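*Asks:* Protein chains in written order, with the working numbering: chain A, 1 to 270; chain B, 1001 to 1422.
Ideal Cβ placement from N, Cα and C applies to all residues, glycine included.
A quick note: this is a predicted structure, and the numbers were derived from the prediction, not measured.
One structure is given below, represented as structure tokens, and several questions about it will come after.
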Amino acid sequence: MYPTLFDLAIFGYIAATGLSLAYLVQREEWLHRLASVATIAGWVLHAVALLALAFRLGRPPLGSLSEAMSVAVWVAVLWALWVERQYGVKVLGAFVLPVVLVFSLNSATTRSLGIPGIERALGGAWIWVHIGLVLVGIAAFVLNFAGALMYVLQERQLKAKRPGALYYRLPDLETLDRLTYRTLALGFPFLTTGLILGVLWAGRAWGSVFAYDPLALLSFVAWAIYAGTLAGRAAAGWRGRRAAYFAIIGFATLVLTLSAGLFLPGRHGS
Amino acid sequence: MALFVAGLSHKNAPVELREQLAVEEDKLRELLSDVSATGVVQETLILSTCNRVEVYGVADAPGEARAVAFRHLCRYRGVSPASVEPVLYTHVDADAVRHAFRVAASLDSMMIGEPQILGQVKDAFALAQACETIGPVLHTLFTQAFAVAKKVRGETEIARHAVSVSFAAVELAKKIFAGLRGRAVLLVGAGKMGELAARHLVEHGAFPIYVANRTWQRAEEMARALSGAAVPFAELGTALASVDIVITSTGATEPVVTRAMVQRVMHGRRARPLFFIDIAVPRDVEGSVNTLDDVYCYNIDDLKQVVEANIRERLREAQRAEALVEREAAKFGARQGDVEVIPTIVSLRARLEGIRVGEVRKALTRLPGATPETREAIEVLSSAIVNKILHAPITKLRESSRAGSSRSWLELVHELFGLGRK
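Now the structure itself:
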């Protein structure tokens, strides 16, 4: 029964993505309301689907990368809903949901491929914490990316002095910069702690951390980019466009990391 | 018995005529009671602003009622009715409803979306109520018109986006900063425009205000007027370091703020944005400061360009507002229990408007170099063609509805324009 629920959830996200993009273009209030409804519906179905899966498996639905990504998407959508209300950024959905959709389609296409022997490999309780922390971090970086993208677009409009449709739709630069900073500050500790646990656990279980695992290697590149951005923001007063560019590069690396995990042979992947 | 509106507006009557016919409140009271005393109207309301003079009413013979009302009006103002007659327009029933909705929603205004008109209509309504010339028909009509106006303001952006240079500057500042509360402003020069822009910023919470001027005394005067502080003109470079928004409007022939000056202060600002509003001609701020990170510099032409974009945005929103008004007018008509032809008219309009919008878009993509004027001309031209084409069939449909013979006409129009079955 669970694939049906996942499919329904994805269908909800597809509808929400379409409606959010339409709202960005059309700016009809009802489109935004429908998009919110579709998002919430997708999210609730997703929650039920994950619960059902957990019961069926008798363990958290974090046993494979695609399962974990599915949970990351679920957390990201929750945060997007919250941030939208908190910051009043009604167009947020148009920037978060496409990413959500790509992630969930990805995890849907690879869903069937379990990691052989995963149950045994995942023996320790720490591994669940490792996965959980990292995916919460990833969810925060989805929003970080959306904020940075909106910042870059709005900044470009303001510099070019030719207000286009996006100038009217997007919020002010300061709000977007704050959103980008806060999501970075939120996601980074989760990612860091998660990675440290991963390193410790891998050292014990596999003997070596990086050995032949593209995902592990790339994830440290992504971590370094985020660490650099955070340090730049905190110490050197980086803000605005530079910070936004780094957020985008960091997220691109993260996507590359996850793709490597999904499509390349390695210890995380299928 | 028919609902009608007759009048003249900025669209077809010159200002000389409008100002002659504008009536102040006291006279309006007399006029309302005189017109209703003649017995040609059951209900009446007169709207008189500097852009329009309109008589709304309910009468058995709208033509006669219009003649009586304007004869009175002309007599009051000593205007010859012959000069008014050619520019008068009259709308009856469903058209009158739509007209009332459009006027209240500021779609018929000189500057679309301007907020005063709704207040003026409300005043006119209150006055007519006080004079007891409002009956059930006008009461329902105007109550609904106010609701539609509110809806239009809430659901479209025709009233948003500044149409003056100084407000456009405030809006730009609000796209850079999260609110203007506590943002420091530096006003360089003591021009009127600069002062106006500074006042708008202060109204939105900007604080503190610094004023720099070559003449110290003038700087102090202006600072007092704005509850700010004067700073020496020579220390402009230092002052730049601590403020968020700079308005320049000096009469200097050379730039008073150079790229080098700004570059120097940006180092110490830790990427805190700096927004220059340069309304001086010749310019006070070197244009190249805009290329510095976190610096935004808008000169008077840039601001005008933003205003033009804002107006285009309002006009785009106005199309949505028109559709909304059309729907509401149709609903209103349906509630009034008549005019089975309105849905057809609405879909006929929508059909042609859809074709128009599509073709205009196609044409414009083939004309990437078209100036805003050209684009607007194309819009206006195509709208005019659509309206002219629509006029005859819509009039015919309305007439047939009133004559009770609408069914065959409806079928015909649906067939001819491929509107689908009704």
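1) Would Arg204 of chain A count as contacting chain B if we go by Cβ distances under 8 angstroms?
2) Residues of chain A with CB under 7 angstroms from Val1265 of chain B, in chain order?
3) For Pro1282 of chain B, which of B:Val1257, B:Gln1042 and B:Met1111 has the nearest alpha-carbon?
4) Less than 8 angstroms between the CB atoms is what I'm expecting for Leu1236 of chain B and Val1295 of chain B, so what's the real figure, rounded?
5) Closest to Ile127 of chain A by C-alpha separation, out of A:Ala52, A:Phe55, A:Tyr23 and A:Pro61, would be which residue?
6) Return the first residue and the last residue of the alpha helix (DSSP H) that Asn144 of chain A is part of.
7) Between Glu29 of chain A and chain B, is there a C-beta pair that is closer than 8 angstroms?
8) On the premise that Glu1171 of chain B lies in contact with Glu1317 of chain B, defined as a C-beta separation below 8 angstroms, what is that separation, rounded to the nearest angstrom?
9) Quick one: does Lys159 of chain A have its CB under 8 angstroms from some CB of chain B?
10) Against chain A, does Tyr1298 of chain B count as a neighbour if the rule is that its beta carbon must be under 8 angstroms from one of theirs?
11) Quick one: what's got a C-beta closer than 6 angstroms to Leu1196 of chain B's C-beta in the same chain, skipping five residues either side?
12) What residue ranges within the stretch 1171-1230 of chain B form continuous alpha helix (DSSP H) runs of no fewer than 4 residues, ordered along the chain?
13) Pick from B:Arg1153, B:Arg1066 and B:Gln1042: whose alpha carbon is nearest that of Arg1320 of chain B?
14) Could you confirm whether any beta carbon from chain B is found closer than 8 angstroms to the beta carbon of Leu34 of chain A?
15) Write down the C-beta distance between Ala202 of chain A and Leu230 of chain A rounded to the nearest angstrom, noting that I regard them as a contact closer than 8 angstroms.
16) Between B:Ala1230, B:Phe1276 and B:His1267, which lies nearest to Ser1249 of chain B when the distance is taken from Cα to Cα?
17) Say whether the stretch 1114-1132 of chain B touches the stretch 1032-1051 of chain B, bearing in mind that this needs 3 or more beta-carbon pairs closer than 8 angstroms, one atom from each stretch.
18) Between Arg85 of chain A and chain B, is any beta-carbon pair separated by less than 8 angstroms?
19) Considering Asp1278 of chain B, what are the terminal residues of the beta strand (DSSP E) in which it resides?
20) Which of the residues in the stretch 179-192 of chain A, read from start to end, lie with their CB under 7 angstroms from any CB of chain B?
21) In this structure, how does DSSP classify Tyr1298 of chain B when only helix, strand and coil are distinguished?
22) Out of B:Pro1372, B:Asp1026 and B:Gly1007, which one is the CA nearest neighbour of Ser1083 of chain B?
23) Please report the distance separating the alpha-carbon of Arg162 of chain A from that of Val1306 of chain B.
24) What number of angstroms, rounded off, separates the C-alpha of Phe6 of chain A from the C-alpha of Glu67 of chain A?
25) Can the beta-carbon of Asp1244 of chain B be found closer than 8 angstroms to that of Arg241 of chain A?
26) Which residues in the same chain have their Cβ closer than 7 angstroms to the Cβ of Thr17 of chain A, if we skip the five residues on either side of it in sequence?
27) Give me the residue from A:Thr253, A:Phe190 and A:Glu29 with the minimum Cα distance to Pro214 of chain A.
28) Quick one: list the residues of chain A neighbouring Asp1026 of chain B, beta-carbon separation under 8 angstroms, in chain order.
29) Using CA coordinates, which residue listed in B:Met1261, B:Tyr1089 and B:Leu1141 is at the minimum distance from Asn1290 of chain B?
30) Check the DSSP bridge columns for Tyr1056 of chain B and list the partner residues they point to.
31) If contact is defined by three or more beta carbon pairs under 8 angstroms, each pair taking one atom from either stretch, is the stretch 80-97 of chain A in contact with the stretch 18-25 of chain A?
32) Under a Cβ-count criterion, where at least 16 other Cβ atoms within 10 Å of its own Cβ denotes burial, should Lys1175 of chain B be classed as buried or exposed?
33) Output the distance between the C-alpha atoms of Val152 of chain A and Thr180 of chain A, rounded to the nearest integer angstrom.
34) Give a yes or no on whether 8 angstroms exceeds the smallest Cβ distance from Glu1373 of chain B to chain A.
*Replies:* On the basis of the data shown:
1) With a threshold of 8 angstroms between beta carbons, Arg204 of chain A makes no contact with chain B.
2) Residues of chain A passing the Cβ test: none, with the nearest at roughly 14 angstroms.
3) The candidate whose alpha carbon is nearest that of Pro1282 of chain B is B:Val1257.
4) Going by Cβ atoms, the distance from Leu1236 of chain B to Val1295 of chain B rounds to 15 angstroms, so no, they are not a contact pair.
5) For Ile127 of chain A, the nearest C-alpha among the options comes from A:Pro61.
6) Where Asn144 of chain A is concerned, the enclosing alpha helix (DSSP H) starts and stops at Trp126 to Ala160.
7) Yes, contact with chain B.
8) The distance from the Cβ of Glu1317 of chain B to that of Glu1171 of chain B is about 15 angstroms, inconsistent with a contact at the 8 angstroms cut-off.
9) Using beta-carbon distances, Lys159 of chain A counts as an interface residue toward chain B, with a partner under 8 angstroms.
10) Yes - at least one Cβ of chain A is within 8 angstroms of the one on Tyr1298 of chain B.
11) Cβ within range, chain order: Ser1166.
12) Runs of alpha helix (DSSP H) with 4 or more residues, each lying fully within the stretch 1171-1230 of chain B, are found at 1192-1203 and 1216-1225, listed in chain order.
13) Nearest of B:Arg1153, B:Arg1066 and B:Gln1042 to Arg1320 of chain B, Cα basis: B:Arg1153.
14) Leu34 of chain A does not count as touching chain B.
15) The pair is not a contact, with the Cβ atoms about 24 angstroms apart (cut-off 8 angstroms).
16) Nearest in C-alpha terms to Ser1249 of chain B, of all of B:Ala1230, B:Phe1276 and B:His1267, is B:Phe1276.
17) Short answer: they touch.
18) The Cβ of Arg85 of chain A sits no closer than 8 angstroms to any Cβ of chain B.
19) Membership of Asp1278 of chain B in the beta strand (DSSP E) is indicated by the continuous run Leu1274 to Asp1278.
20) Within the stretch 179-192 of chain A, no residue qualifies.
21) If DSSP states are grouped into helix, strand and coil, Tyr1298 of chain B belongs with the strands.
22) Residue nearest to Ser1083 of chain B within the set B:Pro1372, B:Asp1026 and B:Gly1007 is B:Gly1007 (criterion: CA-CA distance).
23) One alpha carbon belongs to Arg162 of chain A, the other to Val1306 of chain B, and they sit about 7 angstroms apart.
24) If you draw a straight line from the Cα of Phe6 of chain A to the Cα of Glu67 of chain A, it is about 11 angstroms long.
25) Taking the C-beta atoms as reference points, Arg241 of chain A is found no nearer than 8 angstroms to Asp1244 of chain B.
26) Short of 7 angstroms from the beta carbon of Thr17 of chain A, and not among the five residues preceding or following it, lie these beta carbons of its own chain, in chain order: Leu97, Pro98 and Leu101.
27) The candidate whose alpha carbon is nearest that of Pro214 of chain A is A:Thr253.
28) None at all; the shortest Cβ gap to chain A is about 43 angstroms.
29) Considering only alpha carbons, the answer is B:Met1261.
30) Beta-bridge pairing links Tyr1056 of chain B to B:Val1005 and B:Leu1045.
31) Of all C-beta pairs linking the stretch 18-25 of chain A to the stretch 80-97 of chain A, three or more are shorter than 8 angstroms, placing the two stretches in contact.
32) When all chains shown are included, Lys1175 of chain B counts as buried.
33) Approximately 11 angstroms, taken between the alpha carbons.
34) Closer than 8 angstroms to the CB of Glu1373 of chain B there is not a single CB belonging to chain A.
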